[in-house]
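Below is one structure, written out as structure tokens; comments come after it.
In the working numbering, the protein residues as written are 3 to 132.
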């Protein structure tokens, strides 16, 4: 049996190599591209280590809010994309305007989703704004 590193270790190793191999002798174009690669690796690492339980909870809550008045037998568990597509259409139609049923509940869930996305794509923002 082979011992294989997990994907997180591989990403961390790749990031460290990129950061350690970079030096000031390289052109600014190479520097920019190298830092972009390191940033992409960091994002991928955070995507893999994010709290999936929280993501599943808010996705289920979003589903419950969005499909509260119907059950689609052909698609009883739609994808996140289908849920958000329906939600966007419902928002455009005024279904969740302030004061309507579920508007406060939806605002809470959307705030939680944005908070989770900030954890993945820009965790530095939270650290800087505490």
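Idealized CB from N, CA, C, for every residue including glycine. If you're wondering where the values come from, they're calculated on a predicted model, not measured in any experiment.
| Item | Value |
| --- | --- |
| Cβ neighbours of residue 125 in the same chain (closer than 8 angstroms, five flanking residues each side left out) | 48 |
| Proximal residues to residue 114 (C-beta, below 7 angstroms), its chain only, five neighbours per side dropped | 60 |
| Under 9 angstroms between C-beta atoms of residue 15 and residue 46 | no |
| Environment of residue 32 [buried if 16+ CB atoms lie within 10 Å] | exposed |
| Start-to-end residues for the alpha helix (DSSP H) that takes in residue 111 | 105-123 |
| Given 8 angstroms, three or more beta-carbon pairs between the region 32-43 and the region 86-100 | no |
| Residue of 54, 66, 81 minimising C-alpha distance to residue 104 | 66 |
| Rounded Cβ spacing between residue 52 and residue 118 (contact assumed at less than 8 angstroms) | 7 angstroms |
| Nearest-angstrom Cβ-Cβ length linking residue 111 and residue 64, presumed shorter than 8 angstroms | 5 angstroms |
| N- and C-terminal bounds of the alpha helix (DSSP H) containing residue 65 | 54-68 |
| Spatially closest choice to residue 142 from 21, 22, 23, 50, by CA coordinates | This structure leaves residue 142 out entirely; the chain is present only between 3 and 132. |
| Straight-line gap, residue 94 to residue 44 (C-alpha atoms, nearest Å) | 35 angstroms |
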